[in-house]
Structure formats: structure tokens, C-alpha cells
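Residue 245 in our numbering sits at position 209 of the sequence shown; the count goes up by one each step and never skips.
Report on the following structure.
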Amino acid sequence: MNPMETMIARSHALQTYMTDIRRSLHRFPETGWLEMRTSALIAKELTQMGYEVITGRALCLEAARMGVPSERETQAHLARVLEHGCEEAYLTQDMREGFTGVIGILKCGDGPTVGMRFDIDALGMQEWQDDTHRPTREGFASVIPGRMHACGHDAHAAIGLGVAKILAELKDVLHGTVKLILQPGEEGARGAKAIVAAGHLDDVDVFIGSHVAPTDSLDDGDVTPGTYGSLATTKYDVKFTGLAAHAGGYPEKGKNALLAAASAVLALHAIPRHSEGQSRINVGTLHAGTGRNVIADEAIMQIEVRGETTEINSFVAKSAEDICRGAAMMHGCEVSMTKMGEAEGQHSDEALLRRIADVVRRDLPHLTVSSVENAQNWGSEDISVMMNRVQEKGGQATYMRVTTPMAGAQHTVKFDFDESVLKKGVQVFCAAAMDVLK
37 MNPMETMIAR SHALQTYMTD IRRSLHRFPE TGWLEMRTSA LIAKELTQMG
87 YEVITGRALC LEAARMGVPS ERETQAHLAR VLEHGCEEAY LTQDMREGFT
137 GVIGILKCGD GPTVGMRFDI DALGMQEWQD DTHRPTREGF ASVIPGRMHA
187 CGHDAHAAIG LGVAKILAEL KDVLHGTVKL ILQPGEEGAR GAKAIVAAGH
237 LDDVDVFIGS HVAPTDSLDD GDVTPGTYGS LATTKYDVKF TGLAAHAGGY
287 PEKGKNALLA AASAVLALHA IPRHSEGQSR INVGTLHAGT GRNVIADEAI
337 MQIEVRGETT EINSFVAKSA EDICRGAAMM HGCEVSMTKM GEAEGQHSDE
387 ALLRRIADVV RRDLPHLTVS SVENAQNWGS EDISVMMNRV QEKGGQATYM
437 RVTTPMAGAQ HTVKFDFDES VLKKGVQVFC AAAMDVLK
């Protein structure tokens with residue numbers, strides 16, 4: 037068999053391996069910066085395959101991390117990980133402190149560097165427990181209350197390890213370097229920036245990412261080789277601090293943080309739209325006050341802004357910051373805004389996505405390319421930060437979608453997918469990498 041035929045055969049042979057990995061991760065979902073068991077498992081697998089492995093503080097620049105859980109939450113999760121069992125030999129001290137994620141590097145002589153991103157984190161949701169839900173019925177539903185792989189990142193991690201196995205086996209016919217990035221904290225747009233800030237994308241010539249997706253009018257094939265237009269976003273935790281007082285006895289002595297926050301909420305949703313593209317603003321949560329007869333001395337809210345471009349997002353973000361400061365001043369309060377996540381605008385390189393489309397048609401004829409080869413993205417994705425760094429350095433990047441039947445939409449409690457997408461994803465990633473490194 038030639039290398040491409042060998043790759044396809046191996047992808048079929050690895051279906052059980054990848055399914056077992058996916059189900060193990062699905063059963064023990066971990067949210068951003070808490071992917072300890074997940075990272076230890078990945079580090080073990082990549083090490084045993086012969087990859088150079090980067091983890092911990094060498095992977096993520098500490099100063100660039102956003103949306104980091106509290107020390108208490110981190111230690112509570114570590115205790116849970118140790119109780120349920122994990123690859124403790126690969127659970128480094130940095131991982132135990134919340135520096136999660138793994139990069140695997142395979143050097144195959146002279147040639148370009150191909151980077152591939154696979155996100156690994158779960159969502160803060162409670163999985164459906166009814167037997168009509170396949171993970172529950174077949175015994176791999178989440179055992180962690182309030183945590184669930186509801187977006188397919190368990191599939192992405194399993195695909196990444198499948199890709200790693202096959203490319204390691206084909207090392208002798210490759211020319212260049214493979215860099216596999218198993219990224220923490222994609223949800224909330226928290227993880228990519230810290231990896232980019234550490235310089236890990238600076239030497240990448242070709243960068244490929246993907247997301248599992250349901251078949252629809254745009255993604256009407258097995259693979260959509262490029263996407264564009266995911267919204268840039270900035271996410272904040274906003275804290276208003278005032279002064280408590282008795283609401284009946286001494287109302288004039290209080291500084292009402294609740295009113296400051298409420299004033300900000302109304303003004304935030306009145307930020308003007310932008311003439312050059314779409315923009316978004318949402319106040320997702322607001323918590324304030326301690327009792328009906330007490331002037332609230334603290335109010336905390338979670339907000340996000342989005343824009344069709346990085347520039348539009350920056351316009352909305354600055355407006356939001358001005359409004360929060362103004363609302364605090366109006367009510368004699370203080371305000372602090374902590375950036376919890378960030379993503380940029382994104383586009384795929386036409387030449388690269390067309391190259392991948394050609395590779396699929398030529399080398400994977402059992403798969404189909406979507407009729408729309410470059411589809412507009414919805415939502416936001418911090419892979420954009422990685423793509424933009426590669427493109428700024430003169431490289432090419434694309435963000436694909438690989439389709440699969442789904443039971444329940446993504447980010448819902450009944451989400452599940454057809455696990456045959458694992459070998460499909462492996463074939464597309466491997467074929468593209470092999471074409472670049474041939």
C-alpha cells in the first residue's frame with residue numbers, strides 16, 4: 037500500500053481506540069484550565085508515541101491566561117481527579133495548579149511545520165440522564181455534576197490522538213515538523229491567547245483546525261475545508277463596589293452598587309450598532325444585594341461583546357468600559373472590569389482551503405466536499421488568535437468543519453454525535469498534513 041492507503045486503513049483500525057478515548061473523556065468532562073485528567077492522558081499517549089511533549093507553564097504564558105478558576109475550585113477539582121483516578125505519572129505539578137493542555141511535536145527532518153489545533157475542554161452543563169440519551173444508556177455519560185462535553189471537544193481530542201498515532205507511524209515518509217496543539221479553555225475564548233503569547237505558533241507554516249458540525253445547507257458534505265467570519269469577542273466580569281446602609285434609616289449614607297449595575301445594564305444594551313458590520317452586547321448574569329432593607333454594597337455581572345471584525349469588537353468593548361465607569365461614577369461607586377476571554381475576527385486562506393478540497397477529492401474519494409467550500413462561521417472561536425498569528429508571520433491557516441449526525445444541538449444537554457466522525461476527521465487532517473509534508 038502507498039502511504040495514503042496505509043493512512044486510511046489505519047484510521048479504520050483505530051476506530052475502537054478513538055471511541056474509547058472519546059468515551060473516557062466524555063465520562064469525565066473538565067472545564068477550562070481544569071483539564072487535568074484529560075491533559076495527563078494526552079501527555080501519556082503522545083509520549084508513548086514518540087512525540088516531544090510540552091505542558092504546563094512552558095505551554096501557556098501565565099500572564100496571558102484569562103478566566104482562570106479560583107485556587108479553591110482548582111484544588112477541589114484536583115481532589116476529584118485523584119479520587120476518580122488518572123495517569124498520575126503524567127499529572128505534572130503545573131497541571132495540578134491549572135496549567136493544562138498539551139503540545140506534541142514530531143520532527144521528520146527538513147521541511148515546513150504543520151500545526152493542528154484540537155480543543156479539549158467541556159461545558160458547565162448537566163448532562164441528560166434519561167435512557168433515551170445514548171451516553172446514559174451505554175454508560176459513558178458524565179459522572180461530574182454540572183459538567184458535560186456538549187460541544188464535541190471530546191471528539192476533537194480523540195481525533196487529535198488518532199492523527200498523532202498515524203503520523204508517527206508514517207514519520208519516515210514525511211518531511212518537516214508536525215505540531216499538535218491540544219488546547220485548554222476554548223469555551224469562553226480563554227486558552228488560545230496564552231499559547232500564542234508563549235510563541236508556539238510563530239514557526240508554523242500551515243495551520244489547520246476543525247470542529248464537528250451537523251450537516252446543513254452549507255455543510256452538505258463530509259468536510260467544509262474553510263470558514264470565515266466568526267465574531268471577535270471580549271468577555272468581562274464586572275464588579276461594582278459601593279457602601280452598605282440601612283435602606284429605611286440612613287439611605288443617604290449608602291452607595292448603591294445594584295443601581296450602578298442596573299444603570300449599566302440598560303446603557304450597555306443601548307450601545308449603537310456599527311455601520312461596517314454586525315455587533316453584539318449581552319449581560320448574561322447580574323448578582324447584587326443581601327436583603328430588601330439594605331443598600332447593596334456589591335454587584336457582579338458577566339457580560340460579553342462581539343463584533344464582525346476585531347475593530348468592531350474593540351469599538352463595542354471600549355463603549356462598554358466607558359458605560360460601566362460612568363454608571364459607577366453616577367452612583368458614587370467603584371468598578372473593576374476583569375477580562376475573562378478574548379477572540380479575534382477570523383478568515384481561512386483561500387489557497388489552503390482549496391488545496392484541502394483537492395486533497396479530499398483526490399485521496400479520499402469516499403468523502404465529499406461541501407458545495408460551499410468556505411462557509412461563514414457563527415459564534416466566536418479563539419482559534420482565530422492562532423490563525424491570525426500564523427497569517428501575520430506569513431503562513432496559511434484554515435478552520436474546517438467535519439460533519440456528523442447529531443442527537444441534540446451543540447451546547448444542549450442531549451448533545452451526542454455519530455462516532456464514525458472520528459475516523460473521518462483523522463483522514464482529513466492526516467491527508468492534508470501528508471500533502472504539505474510529502
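Each residue gets a CB set at the ideal place from its N, CA and C atoms; glycine is no exception.
8 Å contact criterion, which residue i and residue j should meet: CB distance rounded
i, j, result
"Phe154", "Ile202", "That belief does not hold up - the Cβ atoms of Phe154 and Ile202 are roughly 14 Å apart, past 8 Å."
"Glu163", "Val462", "With a Cβ gap of about 26 Å, Glu163 and Val462 do not count as contacting."
"Gly92", "Phe135", "5 Å"
"Val89", "Gly140", "6 Å"
"Val341", "Ala280", "Rounded, the Cβ-Cβ distance is 30 Å, inconsistent with contact."
"Gly151", "Gly212", "Not confirmed; about 11 Å, so no contact."
"Phe243", "Ala335", "Between Ala335 and Phe243 the Cβ distance is about 41 Å, and since that is not below 8 Å, they are no contact."
"Thr434", "Asp385", "6 Å"
Within 9 Å, strictly: CB atoms of residue i and residue j
i, j, result
"Phe176", "Ser299", "no"
"Ala14", "Ala297", "Limits of the chain in this structure are 37 at one end and 474 at the other, which puts residue 14 out of reach."
"Val240", "Val426", "yes"
"Asp157", "Gly227", "yes"
"Val209", "Lys429", "no"
"Asp273", "Met376", "yes"
"Met378", "Ala225", "Looking at the sequence itself, residue 378 is Glu, so the reference to Met does not match. The answer is yes: Cβ separation under 9 Å."
"Pro220", "Thr439", "no"
"Ala191", "Leu458", "yes"
"His447", "Ala186", "yes"
"Met436", "His247", "yes"
"Ser311", "Asn413", "no"
"Ile339", "Gly325", "no"
"Asp452", "Pro65", "no"
"His62", "Ala443", "no"
"Gly381", "Gly415", "no"
"Cys96", "Ala230", "yes"
"Leu206", "Val138", "no"
Residue i burial status per 10 Å Cβ neighbour count (16 or more: buried)
i, result
"Val179", "exposed"
"Asn318", "exposed"
"Trp69", "buried"
"Glu124", "exposed"
"Leu302", "exposed"
"His402", "exposed"
"Asp255", "buried"
"Lys354", "exposed"
"Met37", "exposed"
"Asp258", "buried"
"Arg183", "buried"
"Glu174", "exposed"
"Gly278", "buried"
"His48", "exposed"
"Tyr286", "exposed"
"Lys215", "buried"
"Arg73", "buried"
"Arg328", "exposed"
"Gln432", "buried"
"Asp333", "buried"
"Glu81", "buried"
DSSP state of residue i mapped onto helix, strand, coil
i, result
"Met40", "helix"
"Asn318", "strand"
"Gly343", "strand"
"Leu254", "coil"
"Ile244", "strand"
"His310", "strand"
"His447", "coil"
"Cys187", "coil"
"Ser53", "At residue 53 the sequence reads Tyr, which differs from the Ser that was named. Of the three classes helix, strand and coil, the one that applies to Tyr53 here is helix, per DSSP."
"Ile90", "strand"
"His113", "helix"
"Glu119", "helix"
"Ser75", "helix"
"Val426", "helix"
"Leu159", "strand"
"Gln165", "coil"
"Glu378", "strand"
"Met442", "strand"
"Leu388", "helix"
"Tyr435", "strand"
"Val371", "strand"
"Asp273", "strand"
"Leu279", "strand"
"Ile331", "coil"
"Gly362", "helix"
"His383", "strand"
"Cys466", "helix"
Should the segment 246-264 be regarded as contacting the segment 383-402, the criterion being three or more beta carbon pairs within less than 8 Å? Short answer: they touch.
At a cut of 8 Å, does the segment 106-116 reach the segment 199-214 through at least three beta carbon pairs? The segment 106-116 vs the segment 199-214: no contact.
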